[in-house]
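The numbering used here puts the first residue of the sequence shown at 91, with every later residue one more than the last.
Cβ coordinates follow ideal geometry from the N, Cα and C atoms, glycine included.
Since this is a predicted model, take the numbers as computed values, not measurements.
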Amino acid sequence: MSLFLSGLALTAAGPAMVAYGRRRGETDEVNSRLLSLGYSCAIFGPFLLLVYVATLPSALLVAAAVSGLLWGADWLAKRTRGRRWTSGVARYGSDAFLMVLGVCLVRFFVVEPFVVPSSSMRPTLSVGNVIIVDKFSYGIRLPVLNLPLIPTGQPARGQMIVFEYPPDRSRAFVKRVIGIPGDTVRVDDAGIEINGERLLQTPAGSYTYTSDAGHPVAVDQFVERLGLTSYQSLHRPGTPWADLAAVEALHPKDGCAFGRAGMQCIVPPGHYFVLGDNRSDSLDGRYWGFVPDSHLLGRVDAVLGNTNGPRYAGVWLR
Numbered sequence: 091m092s093l094f095l096s097g098l099a100l101t102a103a104g105p106a107m108v109a110y111g112r113r114r115g116e117t118d119e120v121n122s123r124l125l126s127l128g129y130s131c132a133i134f135g136p137f138l139l140l141v142y143v144a145t146l147p148s149a150l151l152v153a154a155a156v157s158g159l160l161w162g163a164d165w166l167a168k169r170t171r172g173r174r175w176t177s178g179v180a181r182y183g184s185d186a187f188l189m190v191l192g193v194c195l196v197r198f199f200v201v202e203p204f205v206v207p208s209s210s211m212r213p214t215l216s217v218g219n220v221i222i223v224d225k226f227s228y229g230i231r232l233p234v235l236n237l238p239l240i241p242t243g244q245p246a247r248g249q250m251i252v253f254e255y256p257p258d259r260s261r262a263f264v265k266r267v268i269g270i271p272g273d274t275v276r277v278d279d280a281g282i283e284i285n286g287e288r289l290l291q292t293p294a295g296s297y298t299y300t301s302d303a304g305h306p307v308a309v310d311q312f313v314e315r316l317g318l319t320s321y322q323s324l325h326r327p328g329t330p331w332a333d334l335a336a337v338e339a340l341h342p343k344d345g346c347a348f349g350r351a352g353m354q355c356i357v358p359p360g361h362y363f364v365l366g367d368n369r370s371d372s373l374d375g376r377y378w379g380f381v382p383d384s385h386l387l388g389r390v391d392a393v394l395g396n397t398n399g400p401r402y403a404g405v406w407l408r
């Protein structure tokens with residue numbers, strides 16, 4: 091069932107359960123299971139609808155604001171009148187405030203889980219991997235707007251980052267940082283060059299995986315070392331450095347010069363050049379340019395499991 095239909099069903103079911111419980115003579119809002127379930131549905135249903143029409147961060151902020159107002163009204167009423175101001179579903183909203191506040195603090199400022207949507211970071215990350223993103227690593231940021239409030243660090247070459255996709259900020263991408271501000275990055279059929287030094291690629295055999303379209307793909311595997319980070323990359327034999335037609339159609343001209351032989355970019359201040367580890371199957375900086383600092387969401391620190399297959403826990407990536 092889709093998010094919209096789930097939210098709609100819960101929103102409709104909540105008042106119906108409460109009304110049925112009242113007709114049965116249930117008045118104890120604390121101990122009545124039917125009333126409790128109805129109130130919970132009446133809260134969670136509209137929340138899902140808000141996530142559907144907006145975004146999860148926006149919905150969390152609205153939930154925190156509404157429940158915070160109810161909680162504040164209860165607190166003030168208890169101090170002045172000796173009893174709570176809210177009742178029914180409003181009381182449940184008030185009781186949820188501290189939980190919602192805790193979720194917001196963790197989600198916006200500490201860590202956040204993401205699910206890897208594509209094969210672009212194979213072999214390090216596979217489709218369906220659940221990754222933990224450190225939100226604190228690149229600064230405390232204003233929720234939703236993602237503007238840095240307190241800087242705590244910057245991405246380094248070789249790190250895997252999650253960021254808002256520049257052409258569509260509603261989508262989150264995960265890639266590896268190749269170039270930082272001031273770097274000159276060249277990508278061609280021979281590989282990657284950073285500030286005049288060719289990135290060493292050591293052959294590591296072959297690798298076969300199932301593509302996002304469900305077809306088997308055989309590629310060559312290499313070990314690369316960038317800064318303090320060693321990782322594996324994939325290259326399909328016989329393919330050029332990029333999909334040339336897509337590069338010519340999509341790539342911005344500012345900061346980069348490119349042709350059929352390759353591309354060279356000077357990374358501007360406050361921006362980063364990123365690539366997927368699966369070079370022959372990745373929509374990355376070769377096609378849409380740089381990642382602005384204002385789009386950064388955090389650093390990938392761990393893989394917790396996989397939504398598409400056997401689960402495993404605690405694979406630390408730093």
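Query                                                                                                                                      : Result
Measuring alpha carbon to alpha carbon, tell me which of Gly-360, Val-390 and Gly-183 ends up nearest Pro-241.                             : Gly-360
Would Ile-416 pass as a contact of Leu-150 if the rule is Cβ separation under 9 Å?                                                         : There is simply no residue 416 to check, as the chain begins at 91 and stops at 408 in what is shown.
Give me the Cα-Cα distance between Arg-181 and Phe-198, rounded to the nearest whole angstrom.                                             : 26 Å
Measure the alpha-carbon distance for Pro-245 versus Ala-132 and round it to whole angstroms.                                              : 42 Å
Applying the 10 Å Cβ sphere with the 16-neighbour rule, what's the burial state of Trp-406?                                                : Reliability fails at Trp-406, whose pLDDT of 46 lies under 50, so the model's placement of it is uncertain and the value that follows must be treated cautiously. Exposed.
Would you say Asp-333 and Tyr-377 are within 9 Å of each other, going by their C-beta atoms?                                               : yes
Got a sec, what are the start and stop residues for the beta strand (DSSP E) Phe-204 sits in?                                              : 201-205
By the 10 Å Cβ neighbour count, where 16 or more other Cβ atoms means buried, how is Arg-326 classified, buried or exposed?                : exposed
Do Thr-176 and Leu-139 have their C-beta atoms within less than 9 Å of each other?                                                         : no
Tell me which same chain residues have a C-beta within less than 6 Å of the C-beta of Phe-94, skipping the five on either side of it?      : Tyr-142
Under the assumption that Pro-382 contacts Pro-256 (Cβ atoms under 8 Å), give the Cβ distance between them as a whole number of angstroms. : 7 Å
Using the beta-carbon count (16 or more within 10 Å), is Val-190 buried or exposed?                                                        : buried
Should the segment 261-277 be called in touch with the segment 208-215, which here means at least 3 C-beta pairs below 8 Å?                : yes
Could you tell me the alpha carbon to alpha carbon distance between Phe-436 and Leu-124, rounded to whole angstroms?                       : With the chain covering only 91 through 408, there is no way to say anything about residue 436.
Can you give me the C-alpha to C-alpha distance between Gln-291 and Ile-356, rounded to a whole angstrom?                                  : 22 Å
Quick one: using the 10 Å Cβ neighbour count with 16 as the cut-off for buried, is Lys-168 buried or exposed?                              : exposed
What is the DSSP secondary structure of Val-357, reduced to helix, strand or coil?                                                         : coil
Which partner residues does Glu-283 have in the DSSP bridge list?                                                                          : Arg-276 and Arg-288
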